[in-house]
Amino acid sequence: MSEIHFPFMLCVALDLETTGLDRSRDEIIEVGLCRIENGTIVARFSSLVQPEGSIPLRVKRLTGIDEDALLRAPRWSEIAATVASFIGDLPVVGHGVDFDAAYLERYLGRPLAHRLDTCELARLLLPQLAGFSLEKVAAALGIECLAHHRALADAETTAQIFLALTRKIEELPLPILPRLIFFLEQASSAWTAFFKKTLQKGSFTGRYPAAPASLPPREGARGVLLPEATGNDDFFGISS
393 MSEIHFPFML
403 CVALDLETTG
413 LDRSRDEIIE
423 VGLCRIENGT
433 IVARFSSLVQ
443 PEGSIPLRVK
453 RLTGIDEDAL
463 LRAPRWSEIA
473 ATVASFIGDL
483 PVVGHGVDFD
493 AAYLERYLGR
503 PLAHRLDTCE
513 LARLLLPQLA
523 GFSLEKVAAA
533 LGIECLAHHR
543 ALADAETTAQ
553 IFLALTRKIE
563 ELPLPILPRL
573 IFFLEQASSA
583 WTAFFKKTLQ
593 KGSFTGRYPA
603 APASLPPREG
613 ARGVLLPEAT
623 GNDDFFGISS
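Using my numbering, the letters of the sequence shown map in sequence onto residues 393 to 632.
Okay, here's the thing in structure tokens:
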């Protein structure tokens, strides 16, 4: 069995621009998607989306998107099948992913398979940062953040942040992983399976020493820090 590296998994980084913050009522005006495979962005999709209503002035100023551009844009019904096909049943990655995922689920009429939040992972791996906005996390990782508040540019930045942070997971010492898994499980984090897979693959391939059979007494009693990857852990495309 070959050594696992998490950049080899499959997922889709996404970002949306919308007419507001009300996930149940406001509209998507731009969608940006980046498919990640083998540690690389291998495909991109981007489109403006013509809304039913008007676009607020503050959104125009924030994004640079105006009515003229949106009048020439396709309606959601014209791109829905392409967006759905691009994402498929892959995990979606976003910075503050719940916001974008809620809009997409409403527009697609179905739940997304899995969500991974790079903001959450940055808080875990880069706790020293003063803030965790897309720009601040990108800067801390040496990633250039261009054309902020445009969907494709932000999706690409999110993808680069995702790859950089998951590489940091690979660099963590083995004894830290069970403790992180414990805290992630207590928080019902979507990253739990991701860290479990790191521990499992590392133990099986020889990248790390074999995982300990038991945990320190004060933690082992909780019975949650097992190295086995369970549940939906293979949705990353890295199953054995």
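Just so you know, even glycine gets a beta-carbon here, dropped at the ideal spot from N, CA and C.
Here the structure is a predicted model, which means the values were calculated and not measured.
- Here DSSP, grouped into helix, strand and coil, assigns CYS403 to strand.
- Taking the CA atoms as reference points, TYR495 sits about 14 angstroms from LEU425.
- Counting C-beta pairs closer than 8 angstroms gives fewer than three between the stretch 530-546 and the stretch 466-484, which falls short of the contact rule.
- Inter-residue distance for PHE491 and SER416 is about 11 angstroms (C-alpha atoms, whole angstroms).
- With a contact defined as Cβ atoms closer than 8 angstroms, ILE457 and GLU409 qualify at about 7 angstroms.
- The Cβ-Cβ distance between LEU513 and LEU557 falls below 7 angstroms.
- Taking 7 angstroms as the cut-off, the Cβ atoms of ASP407 and ASP509 do not count as close.
- Residue pairing from DSSP places ASP509 in a beta bridge opposite GLY486.
- When the five nearest sequence neighbours on each side are left out, the beta carbons in the same chain lying within less than 8 angstroms of the beta carbon of PRO503 are those of GLU497, in order along the chain.
- The C-beta distance from ALA465 to VAL441 rounds to 6 angstroms, short enough to fall under 8 angstroms.
- In this structure, the straight-line span from the alpha carbon of ALA472 to that of SER439 is close to 11 angstroms.
- Beta bridge pairing from DSSP links LEU408 with VAL423.
- Taking PHE554 as reference, the option from TRP583, ILE447, PRO570 with the minimal CA-CA separation is TRP583.
- As DSSP reads the structure, LEU564 sits in no beta bridge.
- The shortest C-alpha to C-alpha distance from LEU516 to any of GLU470, GLU459, SER581 is the one to SER581.
- In the three-state scheme derived from DSSP, where H, G and I count as helix and E and B as strand, ARG436 is classed as strand.
- DSSP links GLU429 through a beta bridge to THR432.
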